[in-house]
Amino acid sequence: MNKQILTFALLTLLSIPAWAQRDYRVSKNNGKLIVNLQGARIEGYDGNKIIFSKAGTVEEEDERAKGLQVLSSTGLKDNTGLGISVVEKEGNIEVFAVGNQNDEELLRIRVPRQMGVVFHNDNSFMADSLLIKGIRGEIEVSTSYNEVRLEDNSGPMNVKSVYNGVEAVFNPSITGPISIVSVYGHVDVSLPAATKATLSLSTSYGKLYAAEAFDIKTEPKSMTEKTEPSIKAVTGDPATETIFPDMPAVPPTPPVAIGSVSEQIEGSINGGGTHIILKSSYKNVYLRTSS
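Under the working numbering, the residues of the sequence shown are numbered 26 to 316, in order.
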């Protein structure tokens, strides 16, 4: 009986896919981390190494591929064992995907929090989520399809998205300036109620929302100033517009009733301070207090 139980347990273990934590480390605590991937989870920490890792099932070994290496049309090689190329160039660390990325697990990157972080994914319909958390250096994001989440970062920050929304939660230590822009997605930002900031909020076809606790000080525009943009909003050929350099052309503008008015608010909270720009062309902008 014991032998049968042991045999059954062994067969069960063999049937479970191998699970492993794989990582690759680079000694670096200055310059920028430049990431060119479908998505990633990037977290700042107090250390002096950049740590790339994946935790998940190990890909089944291809017997036919033994002694061979993955090729990519980019000419890059996987020097990490994680399906990515990591190289140092001009004082920065650059990361590129090598071959097709079939893993369900997002690449996790732990980076010294004072380093700058750059993320690009402008030309891929294959987009995963992007999380950037706990960074005290400069952040730059340029993406077409990623869902972007920003947590506990200080800035400066320049974030641009075309087709998906951007959500950000800030702590009190904002150094700014902050610019978060989405064309076809929402922009949802949470700030501590005591934040001193100079604000620019705008949307062409959506609405602007803000927590009453902020008590935004602003000078109202005249009706003449407010109605002028509506004339521009229904002219031109948006189907051929390029919103950002090197980004794909945006699809045709959805029908908009003549007379619709774009909304733009220039104001300040708590006497003004860090410059914060929040903009969505076709969806809403939300400014709320963080808990």
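We put the beta carbon where it would ideally sit given N, CA and C, even for glycine.
Item: In this structure, does DSSP put R89 in helix, strand or coil?; Value: helix
Item: Quick check on the DSSP output: what are the complete beta strand (DSSP E) runs of length 3 or more inside the stretch 139-225, in order along the chain?; Value: 141-146, 155-158, 164-168, 173-178, 182-186, 191-195, 203-207 and 212-216
Item: Check each candidate in T200, S179, K158 and V208 and name the one with the smallest Cα separation from S167.; Value: V208
Item: Is it right to say A219 is buried, meaning 16 or more other beta carbons lie within 10 angstroms of its own, or is it exposed?; Value: exposed
Item: For A122, which of G116, F144 and R135 has the nearest alpha-carbon?; Value: F144
Item: Considering just the uninterrupted stretch of the beta strand (DSSP E) at A65, what are its terminal residues?; Value: A65 to Y70
Item: Would you report the Cα separation of G180 and R133, rounded to the nearest angstrom?; Value: 21 angstroms
Item: Say whether the stretch 167-177 touches the stretch 99-107, bearing in mind that this needs 3 or more beta-carbon pairs closer than 8 angstroms, one atom from each stretch.; Value: no
Item: Which residues does DSSP pair with N117 in a beta bridge?; Value: K114
Item: Please go through the same chain and pick out, in chain order, the residues whose beta-carbon is closer than 7 angstroms to the beta-carbon of G298, but skip the five residues on each side of it.; Value: K221, A222 and T223
Item: Between which two residues does the beta strand (DSSP E) carrying L132 extend?; Value: Per DSSP, L132 belongs to no beta strand (DSSP E) and is neither H nor E.
Item: Between the Cα of K158 and the Cα atoms of I301, I67 and N309, which residue gives the shortest distance?; Value: I67
Item: Quick check on DSSP: helix, strand or coil for E19?; Value: Nothing can be reported for residue 19, as the shown portion of the chain is limited to 26 through 316.
Item: Could you compute how far the alpha carbon of I302 sits from the alpha carbon of E163?; Value: 16 angstroms
Item: From which residue to which residue does the beta strand (DSSP E) around S306 run?; Value: From DSSP, S306 is part of no beta strand (DSSP E); its letter is neither H nor E.
Item: According to the neighbour-count rule (16 or more other Cβ atoms, all chains shown, within 10 Å of its Cβ), is L93 buried or exposed?; Value: exposed
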